[in-house]
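Engineer: Quick one: this structure, given as structure tokens, is what I'll be asking you about.
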Amino acid sequence: LLGGQLELTEALFRETDALQAEWEQDLEAGERKAAIEDWAKSRRRFLEARARAQGRLRPKQLNGPSCSEGCTGGNLRQTAAPARIGKLPELTLPQFDGEVLKFPTFWAQFEASVHADTELDDATKFAYLLSNTTGRALGAIAGIPITAANYPQAVDILQKRFGRPKIVARAHLLALWKAPECREMTRQGIQTLVDEITKQLRCLAAMGKDPHAGELPWSEALMPGLKEKFPRKLQRAWDLKVGSGPESEDNLEKFLEFAQLQADSLSPPDEFSPEASREEKGGEATRKELKNARKKGRDRVTSSAAALVTSVQRVCPFCEGDHDVTGCQRFLDAGYSARMRMSREKGVCYKCLKTGHRARECRTSRSCGVDGCRQPHHQLLHPPSTGKPSRPPGPDQAHQSLLAARSEPGGCLQTVRARAYGPDGNHVVVNCLFDTGAEVSFIRKDVAEVLGLTGSHERCRFATLGGRVGPERKWRRVEFRLGAVGGSGQAETSTPVQALAIPQNLRGDSG
């Protein structure tokens, strides 16, 4: 009796399903989508009820004829494999909107959950497909009647329009070109860009289109454009690294590894530093924190204890030379109006003459000082006074002002430019700061990484000339060589130096 009722119910459901499909064709796009989703839920409930009914019938069918008809317990055998009984699994599939890069993931999940399910008929699969597509994807198959015969056609349309390997590969390449640029040396910015590029390259490799394979890998064509998306400082550090190394090292794969190392170097310097706990709490210090730090009397250790401090040469925003703005002859030769115009065009902060931030975000707090001026602008942007020459301070006058400003906390130190050499032949032009009162030499951590310097860690505690003792820190002792800037470029003509690699923004604790 139950079997007959089940057959009758299935016949009625098939007729209803056909009528539903005809009715849906007369609806507008929005109404059709809602009707398809509602009917998909009804179809799911029917399939669950049918599975439960079949589960009750199956034991009787497997037992065969009853014992009253002459069967003995010994010849009862179950010959059919049990089928899935109970509720169908909940389908939590992603919505596919027609974005090519999302199709491989969408189809992989849909195929595993619906397309490959042998207990679902094609009409049901078609309903699921429609209910999980939106936008351009839904528009591609929305006009096709929801029948079992049309399901393969709908799948073929989606795969040809959004899943062809050539289309997907082009979409990945386009995503590489559209990757957001990173202009500042920040950990998050560099890490995000490295992750985005690496993700697209891995997807291409998974499709059998490895960018790094072949005699002339097409990653060579990608290299110039992708490299330009990174900060200028990182680009120059890379050029210096590979300039004297083997040609095989200059490729996209090695560049991304180098960029990853640079991002890691911008992490908290070490577990003992105040910067470490500050970054864990959520980013850079606020202006209020900096003000409180000054009130507590925190001094920069490098201002009086460093015998050697090195830095990668910055790129002048006006002429792209190996010097700061204060050493740019083009800028120094210009008048006041021209300097202001050049600063605006290049986005240079008028307080410190550096790029990467606006004047209201600048942490420089000293005033101009030229002719007693107390305005916050830089000395080289001091406006001409009435009755005096209209030319702003020249290089000599500006240099004297800068030295005076730098010496306010406790005197100025001698500096000289030199070329630092690493163990693998890497070399970079650096600024050396000499302090005759220091007992140990230092090198900036990021410069040490550019040179590929390694060594053992040491625990150190430093005292400033004022008698303040900083906290114990753990730094790496490295060895490199220093030579003349205009030398032959050979490390053999240089002098060996041992130094501790310290982070750039290091502050001492006054206790």
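The sequence shown runs 1 to 511 under the UniProt record's numbering. Even for Gly, the Cβ is constructed at its ideal location relative to N, Cα and C. Source: prediction; values computed, not measured.
#1: Nearest CA to the CA of A149: which residue from S265, A21, G470 and F318?
#2: Is the beta carbon of L240 sitting closer than 8 Å to the one on N426?
#3: When the Cα atoms are used, what is the spatial distance from H457 to F480?
#4: Along the chain, where does the alpha helix (DSSP H) containing C352 start, and where does it finish?
#5: Taking the alpha carbon of V478 as the reference point, which residue from D250, V485, Q498 and K160 has its own alpha carbon closest?
#6: Once the 5 residues before and after E253 are set aside, which same chain residues still bring their CB inside 6 Å of it?
#7: With DSSP collapsed to three states, give me the class of K474.
#8: Starting from Q200 and walking both ways along the beta strand (DSSP E), at which residues does that stretch end?
#9: Spatial neighbours of K351 within its chain, please: CB distance less than 7 Å, with the 5 preceding and 5 following residues excluded, ordered by chain position.
#10: Would L130 and I197 be called neighbours here (beta carbons separated by less than 8 Å)?
#11: Grouping DSSP H, G and I as helix and E and B as strand, with all else coil, what is T118?
#12: Per the DSSP calculation, A418 is bridged to which residue(s)?
#13: Quick check on the DSSP output: the alpha helix (DSSP H) that includes Q96 runs from which residue to which?
#14: Given a cut-off of 8 Å on the beta-carbon distance, is the pair L6 and A53 in contact?
#15: Work out the CA separation of P317 and V194 for me, nearest whole Å.
#16: Report all residues from its chain with a CB closer than 6 Å to the CB of L266; omit the five preceding and five following residues, and keep chain order.
#17: Return helix, strand or coil for G483, following the three-state DSSP convention.
#18: Report the option in T147, D424, K160 and D371 whose CA atom is closest to the CA atom of G243.
#19: Does the beta-carbon of Q95 have 16 or more other beta-carbons within 10 angstroms, so that it is buried, or is it exposed?
#20: Where do the N-terminal and C-terminal ends of the beta strand (DSSP E) with P496 fall, by residue?
#21: What are the start and end residues of the alpha helix (DSSP H) that includes H457?
#22: From G347 to M340, what distance separates their C-alpha atoms?
#23: For I443, which residues does DSSP report across the bridge?
#24: What's the C-alpha gap between A127 and E48?
#25: Can you list, in chain order, the residues of its chain whose CB lies under 8 Å from that of M185, leaving out five sequence neighbours each side?
#26: Figure out for me which residue from A140, A259 and S113 has the closest Cα to the Cα of K160.
Structural biologist: Looking at the atomic coordinates:
#1: Put simply, of S265, A21, G470 and F318 the residue whose alpha carbon is nearest the alpha carbon of A149 is A21.
#2: Yes; because the gap between Cβ atoms is below 8 Å, this pair is in contact.
#3: Distance between the alpha carbons of H457 and F480 is about 16 Å.
#4: Looking at the DSSP string, C352 is not in any alpha helix (DSSP H), and its letter there is neither H nor E.
#5: When only C-alpha atoms are compared, the closest one is Q498.
#6: Excluding sequence neighbours, E253 sits near H212.
#7: Looking at K474 - three-state DSSP - the assignment turns out to be strand.
#8: In the DSSP assignment, Q200 falls outside any beta strand (DSSP E) and within the unbroken alpha helix (DSSP H) covering R187 to A206.
#9: Cβ neighbours of K351 beyond the five flanking positions: A359, C362, T364, P376, H377 and H378.
#10: With contacts defined by Cβ atoms closer than 8 Å, L130 and I197 do not form a contacting pair.
#11: In the three-state scheme derived from DSSP, where H, G and I count as helix and E and B as strand, T118 is classed as coil.
#12: Bridge partners of A418: V430.
#13: One detail in the question is off: residue 96 reads as Phe in this sequence, not Gln. It is not in any alpha helix (DSSP H) - F96 carries neither H nor E in the DSSP assignment.
#14: With respect to the 8 Å criterion, L6 and A53 are classified as neighbours on the basis of their beta carbons.
#15: Rounded to whole angstroms, V194 to P317 spans 25 Å at the Cα level.
#16: Cβ neighbours of L266 beyond the five flanking positions: R187.
#17: Of the three classes helix, strand and coil, the one that applies to G483 here is strand, per DSSP.
#18: Nearest C-alpha to G243 among T147, D424, K160 and D371: D424.
#19: When all chains shown are included, Q95 counts as exposed.
#20: Residue range T495 to I502 is occupied by the beta strand (DSSP E) that includes P496.
#21: Judged by DSSP secondary structure, H457 falls outside any alpha helix (DSSP H) and instead within the beta strand (DSSP E) spanning H457 to C460.
#22: Spanning the two alpha carbons is a distance of roughly 10 Å.
#23: Paired residue(s): A501.
#24: Cα-Cα distance, rounded: 16 Å.
#25: Cβ contact annotation for M185 (same chain, cutoff 8 Å, sequence separation greater than five): P231, K233, L234, Q262 and L266, in chain order.
#26: Per the Cα distances, A140.
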